[in-house]
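**Q**
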Amino acid sequence: MKIEIKIDETAKEPRLIIMTDRITDEVERITRLIGEIGEEPADGETGPPGESAPGFIAGFSEDRAVLLPTADIIRVYSSGGKVYAQTRGGEFTLRLRLYELESRLCGNGEGFVRISNSEIINLNQAESFDLSLAGTIMVMLKNGDAAYVSRRYVSKIKRVLGI
0 MKIEIKIDET AKEPRLIIMT DRITDEVERI TRLIGEIGEE PADGETGPPG
50 ESAPGFIAGF SEDRAVLLPT ADIIRVYSSG GKVYAQTRGG EFTLRLRLYE
100 LESRLCGNGE GFVRISNSEI INLNQAESFD LSLAGTIMVM LKNGDAAYVS
150 RRYVSKIKRV LGI
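In terms of numbering that gives the first Met the number 0, the sequence shown is residues 0 to 162.
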């Protein structure tokens, strides 16, 4: 394995790209380990009260693995038996189940909330909430997409929003 570090003074945050001809156990292990680094502050460091250090989630696009900063994720949803993360940079397949992502993302101060059995959204990426629909809420996301809160999760969303 070759490791290459490039210094780019215009980069606003570190970016890691893994180039490989196929996804192997080693590549999956590396992405998992790097993702875990962002979950806890380093020894001696503390973040703001109630917040953990921003994390990463490994996303896959074609034959490439990409570390997705959780702050860049607009929504996570399941469709056709697969789980996807939508970001400003595109859509990525995830290897985690939705319930695993819910335990990692929701309730850790990063602004994620589950809105249905098949979707988790980043409230920091929400533009507005349409409460006029009977029994549900339509969430307009900053990228122009609409997401719908299922009836089961309406009271939870209202509680989170303080409505």
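Cβ atoms here follow ideal geometry from the backbone N, Cα and C, with glycine treated the same way.
(1) For D129, which of helix, strand or coil comes out of DSSP?
(2) Where does the unbroken alpha helix (DSSP H) through K141 begin, and where does it stop?
(3) Which two residues bound the contiguous alpha helix (DSSP H) that contains K5?
(4) What residue range does the alpha helix (DSSP H) around I22 cover?
(5) Leaving out the 5 sequence neighbours to the left and right, which residues in its chain are closer than 8 angstroms to S149 when beta-carbon positions are compared?
(6) How big is the Cα-Cα spacing for S127 and D24?
(7) Pick helix, strand or coil for I56, following the three-state DSSP scheme.
(8) Taking only the alpha-carbon atoms, compute the straight-line gap between G106 and L130 and give it to the nearest angstrom.
(9) Rounded to a whole number of angstroms, what is the C-alpha to C-alpha distance between I16 and T30?
**A** Based on what the coordinates show:
(1) strand
(2) Counting along the chain, K141 falls outside any alpha helix (DSSP H), and DSSP gives it neither H nor E.
(3) It is not in any alpha helix (DSSP H) - K5 carries neither H nor E in the DSSP assignment.
(4) Unbroken run through I22: none, as it is neither H nor E.
(5) I114, S115, N116, T135
(6) 41 angstroms
(7) strand
(8) 23 angstroms
(9) 10 angstroms
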